[in-house]
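Order-wise, the sequence lines are chains A and B.
Numbered according to our numbering, the first sequence terminates at residue 318, and the numbering increases by one at each position without gaps.
Numbered according to our numbering, the second sequence terminates at residue 296, and the numbering increases by one at each position without gaps.
All remarks here apply to the structure that follows.
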Amino acid sequence: MALQATTQTRNARIAWAVLFALLAIAPFVGLYPVFMMKALCFAIFACAFNLLLGFTGLLSFGHACFLGSAAYATGWLVRSAGLTPELGLIAGVGVAALLGLVVGLIAIRRQGIYFAMITLAMAQMVYFVCLQAPFTGGEDGLQGVPRGKLFGVLPLGSDIAMYYLVLAIFAAVFLGILRIVHSPYGQVLKAIRENEPRAISLGYDVDRYKLLAFVLSSALAGLAGSLKTLVLGFATLTDVHWSLSGEVILMTLLGGLGTFAGPVIGAFTIIGLQNFLADRVGSWVTVIIGVIFVVCVIAFRRGFVGELIAWQQRKK
Amino acid sequence: MTEIFGIPIQAFMGQLMLGLVNGSFYAMLSLGLAVIFGLLGIVNFAHGALYMIGAYVAWFSLEKFGLNYWMALIVAPLVVGALGLVIERTLLKHLYKLDPIYGLLLTFGISLIFEGVFREQYGVSGQSYSVPEALQGATNLGFMVLPNYRAWVIVASLIVCLGTWALIEKTSLGAKLRAGTENPALVQAFGINVPMMVMFTYAGGAALAALAGVLAAPVIQITPLMGTNLIIVVFAVVVIGGMGSILGSILTGLALGLVEGLTKVFYPEASNIVVFVIMAIVLMIRPAGLFGKEK
Chain A
3 MALQATTQTR NARIAWAVLF ALLAIAPFVG LYPVFMMKAL CFAIFACAFN LLLGFTGLLS
63 FGHACFLGSA AYATGWLVRS AGLTPELGLI AGVGVAALLG LVVGLIAIRR QGIYFAMITL
123 AMAQMVYFVC LQAPFTGGED GLQGVPRGKL FGVLPLGSDI AMYYLVLAIF AAVFLGILRI
183 VHSPYGQVLK AIRENEPRAI SLGYDVDRYK LLAFVLSSAL AGLAGSLKTL VLGFATLTDV
243 HWSLSGEVIL MTLLGGLGTF AGPVIGAFTI IGLQNFLADR VGSWVTVIIG VIFVVCVIAF
303 RRGFVGELIA WQQRKK
Chain B
2 MTEIFGIPIQ AFMGQLMLGL VNGSFYAMLS LGLAVIFGLL GIVNFAHGAL YMIGAYVAWF
62 SLEKFGLNYW MALIVAPLVV GALGLVIERT LLKHLYKLDP IYGLLLTFGI SLIFEGVFRE
122 QYGVSGQSYS VPEALQGATN LGFMVLPNYR AWVIVASLIV CLGTWALIEK TSLGAKLRAG
182 TENPALVQAF GINVPMMVMF TYAGGAALAA LAGVLAAPVI QITPLMGTNL IIVVFAVVVI
242 GGMGSILGSI LTGLALGLVE GLTKVFYPEA SNIVVFVIMA IVLMIRPAGL FGKEK
């Protein structure tokens, strides 16, 4: 058993090293860097979401509000207050974490399906605030956000420089989540997911663990949003709309809930699909996303990676 | 008296009436959600889409087949109810043993499909549906002029809501339904066909949503997004009311419509979010909702 576990970890490590190497050379093998950056941002978002649903068992249906509020905060601060990109990112993460604390405090009072509905409703409130607040640009969004110079010296204007910054942040987030999940804290989160009453009876202050997971997840979702604003140069209402909260659920579910690689693969699949389909089929994109959702829930609940793991285990 | 709190009484009562109309829709929709959740354990995210389809069926049957409003009130719930039957038989029935979260996700997917199809067919611009002749015009009540159609919507939805409440709380069919939500296996052992009951409950909930859609058609723009925008408010209503109680969803729906109307008078900027603010406050005081039972 122990031997199996180590070979599995070793295989996983090799797979990850290969994947990161591929990502590092991606812009040189003809992959459009802006697309890759966008997909990586959403991969961060999906990983953050998976920390909550996959590892803690909390379904937030309002995660777009963290991505969106951070996107607006960073965009506004960098454009109007002239902040450097790294300070913009930190500010965005801070805003998302604070919002996560508020939403989390209210939402963790209820469980399961109620938790989902409450997060959705809170996120909708944020949406209306963004729609009406004076600095968000309303329906037009916040346009023309400059990428600026990292630490005031390194210009991010070129897509290649920006790409490596995004990749580095993605790698840091990914390894960070890996670390969190494997830490004693992560084990408690898993225990809560498996059986909450049991975790309570073992003496864990479950609400505090859940709240911290919620704040961590919203902060990382905010990081994805801030980074996306820097990459694309704008923040719009799409970033806070609840349909994005639905999409991140789909990304995670499609890739594999509670797996490490799943959300990344899911994000690349969905963003790739949207990019590919957008000018070909128009509104049918929504229908296709809906169909994938239905198929996932009915027949494919483990997702790509989950099915792969199950298949490997059957083979043994 | 021509003013109330510094607002012309006509405008004040007009907003209140609009709020009550909206509240009627909230009540009908959250009632359907409560019934479906009670027996199936599924939070029906597709409820908004079913409401939207109800409105489109009304519009379509007038445009293509010349069926008038009163016919639409019967036809749309039947069509959407049948659609509900199909959805339950083909998709939802696979989920009953799973975590309720999968039901939410599946019905979310279904609503995306419907929304996308209607958007592809009719675009995002709205269709309008005229008020039926018998209900055109307005009645002067002295302190305000009440459009007849709005009054009809409030009365009709109250009748439907109370009817549904009576059906569930006062009849033997309702008793079986309630028993089925408590212990399906036992009810099945008494020779009652629970799967069939579940199927018709979902169809009934869908029909109720469609009926709300037809009632709404003459007072709003019919668009593919009308349901999805409304459903989130209805979710908040459900959380505030507490999903356990049928009467609770009716009262909460109406009350929140009124509160929203009042907010529109005094501080219009907040009218979109007041329901969510109330939700947050209620949750802090009573996590199970106003009418819900603490588990």
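Just so you know, even glycine gets a beta-carbon here, dropped at the ideal spot from N, CA and C.
Only a predicted model underlies this, so the values are computations on that prediction, with no experimental measurement involved.
key: Inter-residue CB distance, phenylalanine 172(A) and leucine 42(A) (contact presumed, cutoff 8 angstroms)   = Here residue 172(A) refers to the residue found at position 170 when the first sequence is read from its first residue. Here residue 42(A) refers to the residue found at position 40 when the first sequence is read from its first residue. With 8 angstroms as the limit, phenylalanine 172(A) and leucine 42(A) qualify as a contact, their Cβ atoms being about 5 angstroms apart.
task = Count the CB pairs spanning the segment 123-132 of chain B and the segment 298-309 of chain A that are closer than 8 angstroms, and state whether there are at least three.
result = no
task = Could you tell me the boundaries of the alpha helix (DSSP H) in which proline 219(B) lies?
result = On the second sequence, residue 219(B) is found 218 positions in, with the first residue counted as 1. That residue, proline 219(B), is in no alpha helix (DSSP H); it is neither H nor E in DSSP.
request  = Measure the CB-CB distance between glycine 205(B) and glycine 82(B) and report whether it falls below 8 angstroms.
outcome  = As a working note, residue 205(B) is residue 204 in the second sequence. As a working note, residue 82(B) is residue 81 in the second sequence. Taking 8 angstroms as the cut-off, the beta carbon of glycine 205(B) is found closer than this to the beta carbon of glycine 82(B).
request  = Give the interface partners of valine 208(A) over in chain B, defined as CB-CB distance under 9 angstroms, in chain order.
outcome  = Counting from one through the first sequence, the residue named residue 208(A) turns up at place 206. In chain order: nothing, as chain B lies at least about 15 angstroms away.
ask   = Nearest-angstrom Cα distance between methionine 3(A) and phenylalanine 277(B)?
value = To locate residue 3(A), count along the first sequence from 1; it is residue 1. To locate residue 277(B), count along the second sequence from 1; it is residue 276. Unreliable placement is indicated for methionine 3(A), whose pLDDT of 35 sits below 50; the coordinate value is still reported in the next sentence. If you take the alpha carbons of methionine 3(A) and phenylalanine 277(B), they lie about 50 angstroms apart.
inquiry  = I believe glycine 108(A) touches methionine 127(A) by the beta-carbon criterion, under 8 angstroms. Please report the beta-carbon distance rounded to the nearest angstrom.
reply    = In the first sequence, counting from the first residue as 1, residue 108(A) sits at position 106. In the first sequence, counting from the first residue as 1, residue 127(A) sits at position 125. Checking the sequence, you will find isoleucine at residue 108(A) rather than glycine. The pair is not a contact, with the Cβ atoms about 11 angstroms apart (cut-off 8 angstroms).
query = So what's threonine 58(A) in DSSP terms, helix, strand or just coil?
reply = As a working mapping, residue 58(A) is identified with position 56 in the first sequence. The answer is helix: DSSP assigns threonine 58(A) an H, G or I state.
task = For my contact list, alanine 213(B) and leucine 30(B) are in at a C-beta cut-off of 8 angstroms; report their separation, rounded to the angstrom.
result = The count along the second sequence starts at 1 and reaches residue 213(B) at position 212. The count along the second sequence starts at 1 and reaches residue 30(B) at position 29. Yes, alanine 213(B) and leucine 30(B) are in contact; Cβ-Cβ is about 6 angstroms, under 8 angstroms.
task = Please report how far the alpha carbon of valine 80(B) lies from the alpha carbon of alanine 207(B), in whole angstroms.
result = The residue given as residue 80(B) occupies position 79 in the second sequence. The residue given as residue 207(B) occupies position 206 in the second sequence. In this structure, the straight-line span from the alpha carbon of valine 80(B) to that of alanine 207(B) is close to 10 angstroms.
message = Taking the beta carbon of histidine 184(A) as the centre, do at least 16 other beta carbons fall within 10 Å, making it buried, or is it exposed?
response = In the first sequence, residue 184(A) corresponds to position 182, counting from 1. Under this definition histidine 184(A) is an exposed residue.
ask   = What residues match up with threonine 1(B) in a beta bridge as DSSP calls it?
value = Residue 1(B) lies beyond the range of chain B shown here (2 to 296); nothing can be said about it.
query = Residues in the segment 105-118 of chain A with C-beta within 7 angstroms of chain B's C-beta atoms, listed in sequence order?
reply = Ile108, Arg111, Arg112, Gly114, Ile115, Tyr116 and Ala118
message = Here's the rule: buried if 16 or more other CB atoms are within 10 angstroms of the residue's CB, otherwise exposed. What is arginine 316(A)?
response = Position 314 of the first sequence, counting from 1, holds the residue named residue 316(A). Counting Cβ neighbours within 10 Å, arginine 316(A) comes out exposed, since fewer than 16 surround it.
key: Neighbour list for glutamate 261(B) in chain A, Cβ cutoff strictly below 9 angstroms   = For this step, residue 261(B) is matched to residue 260 along the second sequence. Result: empty, since nearest Cβ-Cβ is about 12 angstroms, beyond 9 angstroms.
query = Would you say the segment 254-266 of chain B touches the segment 59-74 of chain B, given that touching needs at least three Cβ pairs under 8 angstroms?
reply = no
ask   = Quick one: Cα of histidine 95(B) to Cα of leucine 107(B), how far?
value = Within the second sequence, numbered from 1, the residue matching residue 95(B) stands at position 94. Within the second sequence, numbered from 1, the residue matching residue 107(B) stands at position 106. One C-alpha to the other measures close to 11 angstroms.
Alpha-carbon spacing of tryptophan 78(A) relative to valine 217(A), whole angstroms = Residue 78(A) sits at position 76 when you count from the first residue of the first sequence. Residue 217(A) sits at position 215 when you count from the first residue of the first sequence. Each residue's alpha carbon lies about 22 angstroms from the other.
Test item: CB-CB of tyrosine 103(B) and valine 296(A) under 8 angstroms = Indexing the second sequence from 1 puts residue 103(B) at position 102. Indexing the first sequence from 1 puts residue 296(A) at position 294. Not in contact: tyrosine 103(B) and valine 296(A) (Cβ atoms no closer than 8 angstroms).
Nearest-angstrom Cβ-Cβ length linking methionine 38(A) and alanine 45(A), presumed shorter than 8 angstroms = Residue mapping note: residue 38(A) aligns to position 36 of the first sequence, counting from 1. Residue mapping note: residue 45(A) aligns to position 43 of the first sequence, counting from 1. About 10 angstroms separates the two Cβ atoms, so there is no contact after all.
message = Against chain A, with Cβ distances strictly below 8 angstroms, would alanine 59(B) count as a contact?
response = Residue numbering aside, residue 59(B) sits at position 58 when the second sequence is read from its first letter. At a cut-off of 8 angstroms between C-beta atoms, alanine 59(B) does not count as an interface residue with respect to chain A.
task = May I have the straight-line CA-CA distance separating alanine 66(A) from leucine 246(A), to the nearest angstrom?
result = On the first sequence, residue 66(A) is found 64 positions in, with the first residue counted as 1. On the first sequence, residue 246(A) is found 244 positions in, with the first residue counted as 1. Rounded to whole angstroms, alanine 66(A) to leucine 246(A) spans 6 angstroms at the Cα level.
message = Please report the distance separating the alpha-carbon of threonine 86(A) from that of asparagine 45(B).
response = Residue mapping note: residue 86(A) aligns to position 84 of the first sequence, counting from 1. Residue mapping note: residue 45(B) aligns to position 44 of the second sequence, counting from 1. Answer to the nearest angstrom: the Cα atoms are 45 angstroms apart.
query = Would you say leucine 122(A) faces chain B, with C-beta separation under 8 angstroms as the test?
reply = Position 120 of the first sequence holds residue 122(A). Yes, leucine 122(A) lies at the interface with chain B (some Cβ there is under 8 angstroms from its Cβ).
query = So what does DSSP say about alanine 281(B), is it helix, strand or coil?
reply = The residue labelled residue 281(B) in the question sits at position 280 within the second sequence. The answer is helix: DSSP assigns alanine 281(B) an H, G or I state.
ask   = If you draw a straight line from the alpha carbon of leucine 231(B) to that of tyrosine 27(B), how long is it in whole angstroms?
value = For the purposes of this step, residue 231(B) is identified with residue 230 of the second sequence, where counting begins at 1. For the purposes of this step, residue 27(B) is identified with residue 26 of the second sequence, where counting begins at 1. Looking at the two C-alpha atoms, the distance is approximately 8 angstroms.
query = Does DSSP classify proline 35(A) as helix, strand or coil?
reply = Position 33 of the first sequence, counting from 1, holds the residue named residue 35(A). Correct three-state label for proline 35(A): helix.
request  = Note down, in chain order, all residues in the segment 262-289 of chain A with a beta-carbon under 8 angstroms from any beta-carbon belonging to chain B.
outcome  = Gly284, Ser285, Trp286, Val287, Thr288 and Val289
Rounded C-alpha distance that separates isoleucine 54(B) from glycine 110(B) = As a working note, residue 54(B) is residue 53 in the second sequence. As a working note, residue 110(B) is residue 109 in the second sequence. Cα-Cα distance, rounded: 16 angstroms.
request  = Name the one or two DSSP bridge partners that proline 157(A) has.
outcome  = If you number the first sequence from 1, residue 157(A) lands on position 155. DSSP lists Lys151(A) as partners of proline 157(A).
query = Rounded to a whole number of angstroms, what is the C-alpha to C-alpha distance between glycine 102(A) and alanine 218(B)?
reply = On the first sequence, residue 102(A) is found 100 positions in, with the first residue counted as 1. On the second sequence, residue 218(B) is found 217 positions in, with the first residue counted as 1. Rounded to whole angstroms, glycine 102(A) and alanine 218(B) show a C-alpha spacing of 38 angstroms.
query = Given that isoleucine 291(A) touches chain B, what residues does it touch there, using C-beta distances under 7 angstroms?
reply = Position 289 of the first sequence, counted from the start, is the residue given in the question as residue 291(A). Correct list: Leu113.
inquiry  = Counting only Cβ pairs nearer than 8 angstroms, list the residues of chain B close to glycine 248(A).
reply    = Translated into the one-based positions of the first sequence, residue 248(A) becomes position 246. Within 8 angstroms Cβ-Cβ: Phe109 and Leu113.
message = For a test of the three-state rule: what should DSSP assign to leucine 19(B), helix, strand or coil?
response = Within the second sequence, the letter at position 18 stands for residue 19(B). Looking at leucine 19(B) - three-state DSSP - the assignment turns out to be helix.
request  = Could you tell me which chain B residues have their CB closer than 8 angstroms to the CB of valine 296(A), listed as they occur along the chain?
outcome  = Residue mapping note: residue 296(A) aligns to position 294 of the first sequence, counting from 1. The answer, in chain order, is Leu92, Leu107, Gly110, Ile111 and Ile114.
query = Leaving out the 5 sequence neighbours to the left and right, which residues in its chain are closer than 8 angstroms to threonine 8(A) when beta-carbon positions are compared?
reply = One-based indexing of the first sequence puts residue 8(A) at position 6. Residue confidence is low: threonine 8(A) scores 49 on pLDDT, short of 50, so the model does not pin down where it sits. Its coordinate-derived value is still stated next. Answer for threonine 8(A): no residue qualifies.
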